[in-house]
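These protein sequence lines are chains A and B, in that order. Residue numbers for the first sequence follow my numbering, beginning at -18 and rising by one. Residue numbers for the second sequence follow my numbering, beginning at 303 and rising by one. A quick write-up on the structure given underneath.
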Amino acid sequence: QVQLQQSGPGLVKPSQTLSLTCAISGDSVSSNSATWNWIRQSPSRGLEWLGRTYYRSKWYNDYAVSVKSRITINPDTSKNQFSLQLNSVTPEDTAVYYCTRGALGSIDVWGQGTLVTVSS
Amino acid sequence: SVLTQPPSASGTPGQRVTISCSGSGSNIGTNTVHWFQQLPGTAPKLLIYSNNQRPSGVPDRFSGSKSGTSASLAISGLQSEDETDYFCAAWDDSLKGWVFGGGTKLTVL
């Protein structure tokens, strides 16, 4: 059974960098069939896909246009995890952030979620 | 939201209810639709994938369908525990990312 365990701070100051990590158990970040995604949810924006990393003989990344200039998603094969960095955050980035697995052509496993508040 | 869902739906115990999800040619019209159930304070859970497939453990009371640029989630034999939020999603070829509906809050009367 695949499980995703998120970690990271729940409070970030404006203009600073939001950093979250997602530890994978039951699968590999280097899987040739899965993708590893970050999605956030807020009352104002609903569910919003932020981006993904995946391995198909080499590493690929895709990012949402809305955050493309500020986001980095990196795999860490040594720890079997992946991370999210979102730079220059504003209060608009306040949301519950989820790491997820893409498989079955869908999004089939979700982390527990992390409420990140952007405030001074 | 890129995909359009009604904000609310309701039904009585035992009844059959449907929730719609409308998109466009770059998402639902080209790719498969997926449905999620989200209980309060928890992460969304995959309910239906690839238009009409149920993951292991999802009761067959839940079913999905797709036609053109729209899709529907049907719940038969409605139960009080079904009262929660439901979201649809699809990959969008133009945006090159996942897009979601705004969610439908289902009330069991």
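Here a beta-carbon is modelled for each residue, glycine too, at the ideal position from N, C-alpha and C.
Below-8 Å beta-carbon distance, residue i vs any chain A residue
i               : result
G359 of chain B : no
S303 of chain B : yes
P412 of chain B : The structure shown has nothing for residue 412 of chain B, since chain B only spans 303 to 411.
Y351 of chain B : yes
F389 of chain B : yes
A345 of chain B : yes
F402 of chain B : yes
K398 of chain B : yes
G366 of chain B : no
C-beta neighbour in chain B for residue i, strict 8 Å
i                 : result
A4 of chain A     : no
L28 of chain A    : yes
V(-17) of chain A : no
Y85 of chain A    : A quick correction: the sequence has Leu, not Tyr, at residue 85 of chain A. So, interface residue.
D8 of chain A     : no
D74 of chain A    : no
Q93 of chain A    : yes
I88 of chain A    : yes
One or two residues paired with residue i in a DSSP bridge
i               : result
G366 of chain B : B:L375
A84 of chain A  : A:S87
T75 of chain A  : According to DSSP, T75 of chain A bridges with nothing at all.
A4 of chain A   : A:Q(-14) and A:Q62
T406 of chain B : B:Y388
G94 of chain A  : Answer by DSSP bridge pairing: none, since G94 of chain A is not bridged.
Three-way DSSP call (helix, strand, coil) for residue i in this model
i                : result
P(-5) of chain A : coil
Q322 of chain B  : Note that residue 322 of chain B is Ser in the sequence shown here, rather than Gln. S322 of chain B falls in the strand class under three-state DSSP.
S310 of chain B  : strand
P56 of chain A   : strand
E413 of chain B  : Residue numbering for chain B in the displayed model covers 303 to 411; residue 413 of chain B lies beyond these limits and cannot be assessed.
D395 of chain B  : coil
D43 of chain A   : strand
K49 of chain A   : coil
Q340 of chain B  : strand
T332 of chain B  : coil
N18 of chain A   : strand
Cutoff 7 Å; reference residue i; Cβ partners in own chain excluding five residues on either side
i               : result
S326 of chain B : T371
K407 of chain B : P309, S310 and D387
Q62 of chain A  : T2, C3, A4, I5 and V10
6 Å Cβ shell around residue i - same chain, five flanking residues per side excluded
i               : result
R318 of chain B : S378
K368 of chain B : V335 and N353
A376 of chain B : T320 and S365
Close Cβ partners of residue i (< 8 Å) along its chain, the five nearest in sequence each way excluded
i               : result
F402 of chain B : S303, V304, L305, F389, C390 and A391
A45 of chain A  : E29, W30, L31, G32 and I52
According to a CB-to-CB cut-off of less than 7 Å, which residues of the stretch 315 to 334 of chain B neighbour chain A?
Residues T334.
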